[in-house]
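J.:
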Amino acid sequence: ADGTPPRTHVMSASAGAVSAVEEKPREPEPPKRFVRNQVPDTILNDPDLNAALTALPSNYSFEVHKTVWRLRQAKTKSLALQFPEGLLLFATTLADIFQAHCPTIEDVVILGDVTYGACCVDDYTAASLGCDFLVHYGHSCLVPVDVTGVPCLYVFVDIAFDVGHLVECVGTNFEKGTELVLAGTIQFASAIQDVRSKLLQEYPALQIPQCKPLSPGEVLGCTAPTLGAVTGSKKVPDAIVFVSDGRFHLEAIMIANPTIPAFRYDPYQRILTKEEYAHGDMRAVRRNMVERARGAARWGIVLGTLGRQGNPAILEHLEKRLRECGKEYVVFLISEMNPAKMALLKDADAFAQIACPRLSIDWGEDFQKPVLTPYEAEVALGGVTPFWELPGVEAGEENTPYPMDYYSREGGPWTSAYVKAPPGGAKARRTRLRRREIAVDVGTGA
11 ADGTPPRTHV MSASAGAVSA VEEKPREPEP PKRFVRNQVP DTILNDPDLN AALTALPSNY
71 SFEVHKTVWR LRQAKTKSLA LQFPEGLLLF ATTLADIFQA HCPTIEDVVI LGDVTYGACC
131 VDDYTAASLG CDFLVHYGHS CLVPVDVTGV PCLYVFVDIA FDVGHLVECV GTNFEKGTEL
191 VLAGTIQFAS AIQDVRSKLL QEYPALQIPQ CKPLSPGEVL GCTAPTLGAV TGSKKVPDAI
251 VFVSDGRFHL EAIMIANPTI PAFRYDPYQR ILTKEEYAHG DMRAVRRNMV ERARGAARWG
311 IVLGTLGRQG NPAILEHLEK RLRECGKEYV VFLISEMNPA KMALLKDADA FAQIACPRLS
371 IDWGEDFQKP VLTPYEAEVA LGGVTPFWEL PGVEAGEENT PYPMDYYSRE GGPWTSAYVK
431 APPGGAKARR TRLRRREIAV DVGTGA
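To convert, take the position in the sequence shown, counting from 1, and add 10; that gives our numbering.
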């Protein structure tokens with residue numbers, strides 16, 4: 011009861027006699043701690059490197075020390091850096107730092123193509139340019155580092171802000187005991203945990219949901235948890251408090267939870283606003299597109315070529331389903347899909363796009379012909395129950411749970427997760443091949 015291990019008795023035999031020997035209780039072993047990839051002090055305390063970091067904003071964590079160490083370990087010669095547009099202004103500063111503090115680096119390439127998310131990680135372009143290492147900033151690790159064609163490091167760029175102001179906003183606008191859900195974009199994951207610790211006393215039911223493989227509290231524009239189910243509670247939370255400087259990611263968790271009021275806290279403007287979404291209109295448009303596509307005899311499949319947006323595993327699955335249903339189809343490779351470009355493709359009756367589900371959801375009726383997400387294509391081909399027939403929290407089609415599970419481990423065959431969780435709680439299994447080095451001809455072409 012006091013935690014002392016029970017004494018045991020061991021029988022020993024000596025010179026024909028048998029005696030009982032009491033074994034002394036063993037001292038408990040200290041817990042084993044594994045510290046891997048710890049950045050050396052010579053890098054952490056490098057005065058020149060630390061002086062160079064003053065050119066970067068102090069509340070942005072670019073993990074420069076860790077990156078320098080990784081690049082030195084890899085003996086990187088040609089480095090590729092990839093940024094979303096909001097961080098691109100720091101690209102040349104970081105490039106200069108790495109060139110100055112990594113002796114083996116001969117050149118740094120800044121990838122200038124648009125980067126919407128981690129799905130756009132562009133190891134293909136990095137390899138084609140002869141780079142032997144890629145650092146991707148601002149997004150989480152959706153494409154595992156053992157899958158990318160060149161060694162890759164993801165830097166989330168954690169951003170610190172005045173969490174005390176958010177705590178005050180919550181206390182002013184929500185009664186004590188309100189069941190809240192706290193979430194946001196990956197840049198604010200650490201701050202979200204800090205806010206939770208400060209609010210738990212007055213809001214003991216506060217939850218930070220997780221939709222694996224994403225980090226706790228992280229939401230993507232295409233992947234968000236269905237609240238209640240993911241938190242293990244049968245009761246639906248009273249409100250969502252979402253930390254972000256825009257609506258794109260917030261809209262994903264709103265679509266997945268249409269009956270829960272959503273509030274967005276902008277850490278830059280220091281404003282908490284209540285947000286709305288036209289759930290009924292969105293679901294009516296998506297249902298109309300799916301039902302129109304059911305009668306399509308000839309399909310087009312758009313495989314996005316922007317980074318890793320286009321997942322070949324989903325392409326193979328859709329091709330198999332279309333063949334099983336006796337449908338003709340043509341595959342198109344498109345880097346950035348938009349209504350004007352899709353209008354040029356005349357021969358297909360309907361399209362399924364493997365790029366970003368939000369292209370179909372957000373642009374909806376702007377397309378002349380149905381352009382479905384992989385999930386919606388599965389519905390149109392009769393492979394899964396339509397979202398409008400699923401039970402909702404409240405009566406009405408606008409309250410049915412439209413799946414926002416594109417990178418979820420728990421999603422169906424239409425999802426892009428690299429590790430799937432099989433039913434029954436069995437061990438998760440990898441559904442994609444591990445890294446294959448990309449062989450690229452970088453000759454002169456002569």
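Cβ coordinates follow ideal geometry from the N, Cα and C atoms, glycine included.
Taking 8 Å as the cut-off, does the CB of proline 223 come closer than this to any heavy atom belonging to the ligand ZN?
T.: Inclusion of the ligand ZN in the displayed structure is not the case, the ligand content being empty and no account of it being possible.
J.: Between the C-alpha atoms of arginine 308 and valine 246, what's the straight-line distance to the nearest angstrom?
T.: Roughly 42 Å between the two C-alpha positions.
J.: Please state whether DSSP places arginine 318 in a helix, a strand or coil.
T.: Coil at arginine 318, not helix or strand.
J.: Using a Cβ-Cβ cut-off of 6 Å (strictly less than) and excluding sequence neighbours within five positions of glutamine 54, which residues of its own chain qualify?
T.: For the sequence presented, residue 54 should be read as leucine rather than glutamine. These residues qualify, in order along the chain: His75.
J.: How about the segment 398-413 and the segment 182-196: do they share at least three Cβ pairs that are nearer than 8 Å?
T.: Verdict: no, contact absent.
J.: May I have a chain-ordered list of the alpha helix (DSSP H) segments no shorter than 4 residues that lie completely inside the segment 296-368?
T.: With a minimum length of 4 residues, the continuous alpha helix (DSSP H) runs that stay inside the segment 296-368 are 322-334, 349-352.
J.: Ordered along the chain, which non-local residues of its own chain (more than five positions away) have a Cβ less than 6 Å from that of glutamate 338?
T.: Arg308, listed in sequence order.
J.: Hey, which unbroken runs of the beta strand (DSSP E) at 3 residues or more fall wholly within the segment 126-194?
T.: Counting whole runs of 3 or more residues, the segment 126-194 contains the beta strand (DSSP E) stretches 143-147, 162-165, 190-194.
J.: Going straight from the alpha carbon of serine 254 to that of leucine 313, what length do you get?
T.: Computed Cα separation, rounded: 30 Å.
J.: Note down the Cα distance separating proline 5 from glycine 96, rounded to an integer number of angstroms.
T.: Since the first residue of the chain shown is 11 and the last is 456, residue 5 is not available in this structure.
J.: What residue does the alpha helix (DSSP H) around aspartate 106 start on, and which one ends it?
T.: Run containing aspartate 106: 101-111, per the alpha helix (DSSP H) assignment.
J.: If you reduce the DSSP assignment to three classes, tell me which class lysine 208 lands in.
T.: Reduced to three states, the DSSP call for lysine 208 is helix.
J.: Can you give me the C-alpha to C-alpha distance between cysteine 221 and alanine 201, rounded to a whole angstrom?
T.: If you take the alpha carbons of cysteine 221 and alanine 201, they lie about 18 Å apart.
J.: Using DSSP with H/G/I as helix, E/B as strand and the rest coil, what is alanine 266?
T.: DSSP places alanine 266 in helix when its eight states are reduced to three.
J.: For isoleucine 202, does the three-state DSSP call read helix, strand or coil?
T.: It is helical.
J.: Rounded C-beta distance between isoleucine 218 and glycine 231? I'm assuming under 8 Å.
T.: With 8 Å as the limit, isoleucine 218 and glycine 231 do not qualify as a contact, their Cβ atoms being about 19 Å apart.
J.: Count the CB pairs spanning the segment 202-211 and the segment 164-183 that are closer than 8 Å, and state whether there are at least three.
T.: Contact between the segment 202-211 and the segment 164-183 is present, because at least three Cβ pairs lie under 8 Å.
J.: Return the residue from the list Thr233, Val229, Pro268 that minimises the CA-CA distance to aspartate 248.
T.: Of the candidates Thr233, Val229, Pro268, the one whose C-alpha sits nearest the C-alpha of aspartate 248 is Pro268.
J.: From methionine 414 to isoleucine 265, what distance separates their C-alpha atoms?
T.: When rounded, the distance between both Cα atoms is 7 Å.
J.: Is the number of C-beta pairs between the segment 366-379 and the segment 339-358 that are closer than 8 Å three or more?
T.: Yes, they touch.
J.: For aspartate 117, which option in Gly187, Leu89, Asn409, Ala110 has the closest C-alpha, if you only look at C-alpha atoms?
T.: Looking at the Cα atoms, Leu89 is the closest of the given residues.
J.: Would a C-beta distance cut-off of 9 Å place aspartate 363 and leucine 369 closer than the cut-off?
T.: According to the sequence provided, residue 363 is glutamine. The question's aspartate does not apply to it. The answer is yes: Cβ separation under 9 Å.
J.: So the candidates are His111, Ile169, Pro94, Phe100; which of them puts its Cα closest to the Cα of alanine 61?
T.: Closest option to alanine 61, Cα to Cα, is His111.
J.: What is the residue span of the alpha helix (DSSP H) that alanine 427 lies within?
T.: Per DSSP, alanine 427 belongs to no alpha helix (DSSP H) and is neither H nor E.
J.: Comparing alpha-carbon positions, which option in Ala199, Ile371, Ala137 lies nearest proline 349?
T.: Cα-wise, what sits closest to proline 349 is Ile371.
J.: Assess contact between the segment 130-148 and the segment 161-170, defined as three or more Cβ pairs (one per stretch) separated by less than 8 Å. Is contact present?
T.: As far as the Cβ criterion goes, the segment 130-148 touches the segment 161-170, which means the pair count is three or higher.
J.: Have a look at isoleucine 250 and serine 71 and give me their C-alpha separation to the nearest angstrom.
T.: Those two C-alpha atoms are separated by around 26 Å.
J.: Rounding to the nearest angstrom, what Cα-Cα distance links aspartate 1 and alanine 199 in this structure?
T.: No answer is possible for residue 1: it lies beyond the span of the chain, which begins at 11 and ends at 456.
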